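Residue numbers in the sequence shown follow this note's numbering, run continuously in steps of one, and reach 350 at the last position.
Just so you know, even glycine gets a beta-carbon here, dropped at the ideal spot from N, CA and C.
This structure is a prediction, so every number in the text was calculated from the model and none was measured.
Everything below concerns the one structure shown next.
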Amino acid sequence: MHGFIRRRASVMAPLPRFCAALGVMGGVAWAVTFGTASWAAGAQAAYPERSIRLIVPFAAGSAADTLSRVVASALSDELGQPLVVDNKGGAGGTIGTVDIARAKPDGYTLGIAAQGTFVNNQVLYKSPGYDSIKDFTFISEIADVQNLLVVDTKSPYQDAPSLLAAIKAKPAETFRYSSSGVGTSHHIAGATVAQMLNKPLLHVPYTGAPQGLGAIISGDVDMGLYNLPAAIGLVRGGKLRALAVTGPKRSTLLPDVPTMQESGLTNYSVTLWWGLVGPAGLPANVSTRLHAALDKVMSQPALRDKLIGQGFTLPDTPLPKPAAFEALVRQDLAKWVPVLKELGTAAQ
Numbered sequence: 003m004h005g006f007i008r009r010r011a012s013v014m015a016p017l018p019r020f021c022a023a024l025g026v027m028g029g030v031a032w033a034v035t036f037g038t039a040s041w042a043a044g045a046q047a048a049y050p051e052r053s054i055r056l057i058v059p060f061a062a063g064s065a066a067d068t069l070s071r072v073v074a075s076a077l078s079d080e081l082g083q084p085l086v087v088d089n090k091g092g093a094g095g096t097i098g099t100v101d102i103a104r105a106k107p108d109g110y111t112l113g114i115a116a117q118g119t120f121v122n123n124q125v126l127y128k129s130p131g132y133d134s135i136k137d138f139t140f141i142s143e144i145a146d147v148q149n150l151l152v153v154d155t156k157s158p159y160q161d162a163p164s165l166l167a168a169i170k171a172k173p174a175e176t177f178r179y180s181s182s183g184v185g186t187s188h189h190i191a192g193a194t195v196a197q198m199l200n201k202p203l204l205h206v207p208y209t210g211a212p213q214g215l216g217a218i219i220s221g222d223v224d225m226g227l228y229n230l231p232a233a234i235g236l237v238r239g240g241k242l243r244a245l246a247v248t249g250p251k252r253s254t255l256l257p258d259v260p261t262m263q264e265s266g267l268t269n270y271s272v273t274l275w276w277g278l279v280g281p282a283g284l285p286a287n288v289s290t291r292l293h294a295a296l297d298k299v300m301s302q303p304a305l306r307d308k309l310i311g312q313g314f315t316l317p318d319t320p321l322p323k324p325a326a327f328e329a330l331v332r333q334d335l336a337k338w339v340p341v342l343k344e345l346g347t348a349a350q
């Protein structure tokens with residue numbers, strides 16, 4: 003209203019008429035302002051009004067895919083709109099992650115962030131196509147997991163110490179390990195073994211975890227270090243033999259399988275995390291709504307039991323704020339970028 007009430011010497015309306023006009027105009031302005039504010043508040047409260055695309059930058063059947071589908075189903079119920087999982091695997095997760103970064107920041111395209119895509123790929127790719135901090139809105143970490151060192155059941159190696167001893171004894175690149183792509187935790191886990199043994203391994207990347215695990219079963223490669231949720235079914239089904247877990251502690255799902263540290267690689271520890279993100283510039287009301295909904299579903303005992311039973315480790319609830327998730331990414335960039343450079347993993 004301050005822009006309307008101005009002293010103008012050339013226009014002198016009678017005081018009563020002026021006040022009456024001012025009252026009418028003020029009422030109109032107030033009504034318009036109030037109506038606009040009410041509409042904006044209603045629009046914010048209405049989110050989401052339609053289905054949401056959830057980009058998973060990894061193949062169907064991967065651990066990230068398994069996690070995403072469980073969480074997406076629960077979030078669909080909580081938000082009242084379907085979250086449609088869209089697998090966009092390839093190039094170590096960079097293809098799908100670029101799509102997340104380039105999406106319209108309206109809350110209708112979200113994505114799964116992974117340690118491999120947000121940290122490792124900043125070293126392994128000369129130009130991954132996104133900045134892990136500037137190009138995203140962080141919502142929350144969802145889960146973390148350790149990997150599983152596996153071989154085919156026909157392999158002569160019955161335990162990790164015998165396999166590691168054979169790797170050390172034989173010529174460089176005698177042993178082949180598969181992964182779901184350059185920059186994935188499977189790749190880094192194998193590169194770390196090679197670095198600690200001072201014996202190069204031949205890395206054979208595939209388009210996804212199912213393909214890489216299949217290569218072990220078929221004998222095309224000798225071993226792999228895959229996310230526990232992706233590999234445990236094949237271990238339980240008698241298709242693969244589990245030799246060690248890559249985290250600092252044994253898994254409660256496979257209590258008889260030792261850690262890599264117990265198997266002779268002192269200080270070896272490779273784990274990874276996943277989280278929910280949107281493109282940069284996501285409206286605050288949208289990210290707040292998503293964080294609250296995610297916090298609610300991640301508190302459900304049935305969901306927690308299901309994911310923990312598949313090998314995932316879940317954060318405590320209430321979930322940490324988005325700033326804590328961003329801080330985790332920054333922390334891991336500072337920690338792992340120098341390590342990856344030391345490992346000698348080449349940029350693509």
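For residue i, which residues from the same chain have a beta carbon less than 7 Å from its beta carbon, with the 5 sequence-adjacent residues on both sides left out?
| i | result |
| --- | --- |
| V100 | G131, Y132 |
| A62 | N89 |
| A66 | V58, F60, I114, A116, W276 |
| A74 | L56, L85, V87 |
| K343 | V125 |
| K308 | V72 |
Rounded to the nearest angstrom, how far is the Cβ of residue i from that of residue j, given a contact under 8 Å?
| i | j | result |
| --- | --- | --- |
| L77 | V299 | 6 Å |
| S187 | N229 | 7 Å |
| D334 | T319 | That pair is no contact at about 22 Å. |
| V153 | L165 | 7 Å |
| L227 | G192 | 6 Å |
| L69 | I144 | 7 Å |
| S180 | V206 | 5 Å |
Classify residue i as buried or exposed, calling it buried when 16 or more other Cβ atoms lie within 10 Å of its own Cβ.
| i | result |
| --- | --- |
| A116 | buried |
| N149 | buried |
| R332 | exposed |
| P173 | exposed |
| D224 | buried |
| S142 | buried |
| P324 | buried |
| T111 | buried |
| S53 | exposed |
| Q160 | exposed |
| P50 | buried |
| P231 | buried |
Ignore the nearest five residues each way along the sequence and tell me which others in residue i's own chain have a CB closer than 6 Å to its CB.
| i | result |
| --- | --- |
| E328 | F140 |
| P107 | P281, G283, L284 |
At which residues does the alpha helix (DSSP H) containing residue i begin and terminate?
| i | result |
| --- | --- |
| N269 | That residue, N269, is in no alpha helix (DSSP H); it is neither H nor E in DSSP. |
| D365 | Limits of the chain in this structure are 3 at one end and 350 at the other, which puts residue 365 out of reach. |
| E80 | 65-81 |
Need the endpoints of the beta strand (DSSP E) that residue i sits in, please.
| i | result |
| --- | --- |
| I218 | Premise fails: I218 lies in the alpha helix (DSSP H), 211-220, not in any beta strand (DSSP E). |
| T194 | From DSSP, T194 is part of no beta strand (DSSP E) but of the alpha helix (DSSP H) over 187-199. |
| S180 | 178-181 |
| F314 | Careful: F314 lies outside any beta strand (DSSP E) and carries neither H nor E. |
| E143 | 138-154 |
| T273 | 273-281 |
For the ligand FMN, I want to know if residue i counts as a neighbour, meaning its beta carbon is within less than 7 Å of at least one of the ligand's heavy atoms.
| i | result |
| --- | --- |
| G283 | The ligand FMN is absent from the structure shown, which contains no ligand whatsoever. |
Leaving aside the five residues before and after residue i along the sequence, list all residues of the same chain whose C-beta is less than 8 Å from its C-beta, in chain order.
| i | result |
| --- | --- |
| K337 | none |
| T209 | A61, G91, G92, S182, G183 |
- Query: In chain order, which alpha helix (DSSP H) runs of at least 4 residues are fully inside the region 92-121?
  - Reply: 96-104
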